[in-house]
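Report on one structure; see the data block that follows.
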Amino acid sequence: MSDDVVAVTGASGRIGRRVADRLGAAGVPVRLLGRDPARLPEVPGAVKAPPAAYGDGEAMRAALDGADTLFLVSAHESPDRVAEHRTAVDAAVAAGVGRIVYLSFQGAGPDATFTFARDHWHTEQYVRAHEGLAFTFLRDNWYLAGIPAMTGPDGVIRGPAGNGRVAAVAHEDIADVAAVVLLARDRRHDGAAYDVTGGEAFTLAEAAEEMSRATGRTIRYLPETREEAYASRAGYGAERWRLDGWVSSYEAVARGELAAVSDTVERVAGHEPMTLRAYLSAHPRDYAHLVGR
């Protein structure tokens with residue numbers, strides 16, 4: 005396993021970069037993939053592959069040639085995301101990749117309330133359909149970083165989440181789990197689908213209380229109806245499919261689809277997952293835009 009080449013996509017992002025760092029520190033040959041190699045991080049011992057976008061099968065195959073395992077971070081949301089994922093998977097198989105560890109989403113299913121979670125289900129099914137291809141699916145919950153990001157400049161978290169709970173998780177904890185899975189010599193995680201969550205499930209009202217404590221100002225949660233949610237986001241000029249994703253993510257919380265807390269971080273990575281309070285304490289830059297207003 006130590007000589008296996010692990011290709012990491014999304015290496016300029018918050019999860020891919022952390023995974024690459026952990027693999028590099030373990031002495032594993034790492035190949036970093038991205039559309040723009042200039043944006044890829046400097047990771048000791050890692051090689052930067054030629055430019056490759058998920059939807060460019062020929063470029064992806066060239067970038068993956070000689071890799072044994074692919075850590076596939078899901079592409080940015082788009083109407084073509086599933087097609088891009090399929091092209092990337094096909095390219096990996098054609099290049100001789102024998103295992104894919106795919107970053108999916110909790111509750112992925114064909115009828116998931118969160119519309120983007122349906123993309124993940126279709127991708128999982130496509131990976132499963134390749135006979136002889138080993139896989140592990142890491143189905144993460146909301147990111148803890150999303151809590152300050154979704155807080156408006158007026159100190160209000162808006163959305164149709166009702167009193168539902170969300171078991172949001174830190175990027176660091178996801179990366180820790182992914183690294184352990186990728187490094188496992190006995191491949192004990194092959195064929196598994198793990199929910200990757202924080203250790204607590206909280207309401208957005210409780211999240212607002214934590215944000216208030218961290219920022220020193222009053223942060224509040226304003227429940228919205230579906231119609232109010234679309235109206236409050238109309239000013240962004242986003243396309244309908246993107247608005248559907250934003251709004252339905254809150255509706256999934258309201259319906260309890262993101263409330264289940266898993267023990268994956270503790271069981272696989274060997275430590276307790278970060279709480280929202282701990283995350284905010286460790287990442288003050290995430291909410292710096294809200295301080296002093």
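Offset between the sequence shown (1-based) and our numbering: plus 4.
Just so it is clear, CB atoms sit at the ideal spot from N, CA and C, and this is done for glycine as well.
Sort the options by Cα distance to residue i and report the nearest one.
i	options	result
E176	V10, V9, R18	R18
H287	A153, G239, V9, L226	A153
A282	A15, A238, A211, M64	A211
A196	A79, G163, L186	L186
T155	D8, V295, T13, V9	V295
E81	L137, H124, V181	H124
A50	G31, T73, R122, H126	G31
L148	A292, L280, G159	L280
E88	R103, A242, E62, G70	E62
A11	V86, R65, G59	R65
Y58	R191, D84, D190	D84
N145	V160, Q110, E128, G159	Q110
V86	G102, R103, P114	P114
V23	D69, A292, D60, Y106	Y106
D290	E270, P157, L247	P157
F75	V47, T13, M215, E135	T13
G159	S216, L137, G150, D194	S216
A121	A188, D60, R246	R246
Could you tell me the boundaries of the alpha helix (DSSP H) in which residue i lies?
i	result
P152	150-153
Y130	119-132
L44	No alpha helix (DSSP H) holds L44; DSSP gives it neither H nor E.
L294	Unbroken run through L294: none, as it is neither H nor E.
D25	20-29
I223	No alpha helix (DSSP H) holds I223; DSSP gives it neither H nor E.
Y283	280-286
H89	85-98
H175	175-187
L68	61-68
Check whether the Cβ atoms of residue i and residue j sit closer than 7 Å, and answer yes or no.
i	j	result
V77	G28	no
L37	A56	yes
V183	R26	First, the residue type needs correcting, since residue 183 is Ala and not Val in the sequence shown. Result yes, Cβ atoms of A183 and R26 sit closer than 7 Å.
E261	T117	yes
Y234	P164	no
T91	D8	no
N306	T222	Residue 306 lies beyond the range of the chain shown here (5 to 297); nothing can be said about it.
R35	A79	no
R162	S236	yes
R143	S108	yes
V257	V173	no
A53	A42	no
V93	Y130	yes
G249	T119	yes
L284	A218	yes
I299	F139	The first residue shown for the chain is 5 and the last is 297, placing residue 299 beyond what the model contains.
Is residue i close to chain C, meaning its C-beta is less than 7 Å from at least one C-beta of that chain?
i	result
P41	Given the protein chain composition of this structure (a single chain), no chain C is represented.
Return the bridge partner residues of residue i from the DSSP annotation.
i	result
I2	Any question about residue 2 goes unanswered here, given that the chain covers just 5 to 297.
Y254	None; Y254 has no bridge partner.
V12	L36, F75
Y198	L142
V170	F206
Y240	None; Y240 has no bridge partner.
Y58	According to DSSP, Y58 bridges with nothing at all.
What residue range does the beta strand (DSSP E) around residue i cover?
i	result
A50	50-52
R162	160-163
### At least 3 beta-carbon pairs within less than 8 Å: the stretch 191-209 vs the stretch 260-273
yes
### Query
So does the stretch 92-100 actually touch the stretch 228-241, counting three or more Cβ pairs closer than 8 Å?
no
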